[in-house]
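Scroll down for the structure; my scribbles are underneath it.
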Amino acid sequence: MYLKEFEIRWSDVDANRHLANSAYLNFMSHTRMSYLTEIGFSHRTLLEREIGPVVFYEHMYYFKEAFPGKPVKVSMEIMGMSEDAQFFEFHHNFYDYKGRNFAHCEMMGAWIDLKTRKLTGLTNDLLEKFSAIEKAEGFKVLTKEDTRRFAKAPKDLV
């Protein structure tokens with residue numbers, strides 16, 4: 000499990016004076032990108048390969064409030080990946096300074112080719128790095144059908 004520590008800043012707090020919904024998303028994104036950078040998926044590498052990660056969904060579950068004053072830790076575990084690593088699922092947990100779990104998120108995403116704007120698998124060298132990530136208990140090999148499990152489709156106004 001990868002862990003990243005954060006200080007809750009004034010700008011991370013909402014009108015109720017607890018950690019804002021948007022701050023949870025920012026902390027998770029920062030945690031994912033920090034980990035990916037550590038395993039060789041730096042901004043430069045992604046720029047050179049003209050690929051980037053995209054989020055399909057992030058399902059948040061809040062258990063307790065978090066307030067400024069004490070650090071929080073955000074975990075990241077890989078719960079699923081397709082064979083070509085085009086699709087991936089990460090789970091995040093939020094812990095207070097005593098290690099108590101106060102929120103959980105299930106996130107699914109994919110890699111996109113930034114030129115064609117279409118989903119893509121990884122090149123062999125990046126696939127090797129991404130596949131070497133420690134898998135969480137309950138890890139699953141994902142298929143395209145797994146990305147559609149909530150069956151949501153856009154509904155235009157016109």
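Using numbering that gives the first Met the number 0, you'd call the opening residue of the sequence shown number 0 and step up by one each time. Cβ atoms here follow ideal geometry from the backbone N, Cα and C, with glycine treated the same way. As the structure is a computational prediction, the values presented were derived from the model and not from experiment.
Given that a residue counts as buried once 16 or more other Cβ atoms are within 10 Å of its Cβ, and exposed if not, what is residue i?
i: Ser33; result: exposed
i: Ser21; result: exposed
i: Met80; result: buried
i: Trp110; result: buried
Let me know the secondary structure DSSP gives residue i once reduced to three states.
i: His17; result: coil
i: Glu82; result: coil
i: Thr115; result: coil
i: Ala65; result: coil
i: Glu47; result: helix
i: Ala22; result: helix
i: Glu133; result: coil
i: Tyr96; result: coil
Across which residues does DSSP place residue i in a beta bridge pair?
i: Leu2; result: Ser74
i: Met27; result: Paired residue(s): none; Met27 is not in a bridge.
i: Pro52; result: Trp110
Give the C-beta separation of residue i and residue j to the nearest angstrom, bearing in mind that I take them to be a contact with Cβ-Cβ under 8 Å.
i: Phe87; j: Gly120; result: No, Phe87 and Gly120 are not in contact; Cβ-Cβ is about 11 Å, not under 8 Å.
If you measure from the beta carbon of residue i to each beta carbon in chain C, is any gap under 8 Å?
i: Arg116; result: As a matter of chain content, chain C is missing from the structure shown, which is built from one protein chain.
If we call anything under 8 Å between Cβ atoms a contact, is residue i one with residue j?
i: Glu57; j: His17; result: no
i: Leu113; j: Glu49; result: yes
i: Met106; j: Phe93; result: no
i: Val73; j: Thr36; result: no
i: Ile38; j: Ile132; result: yes
i: Ala14; j: Met59; result: no
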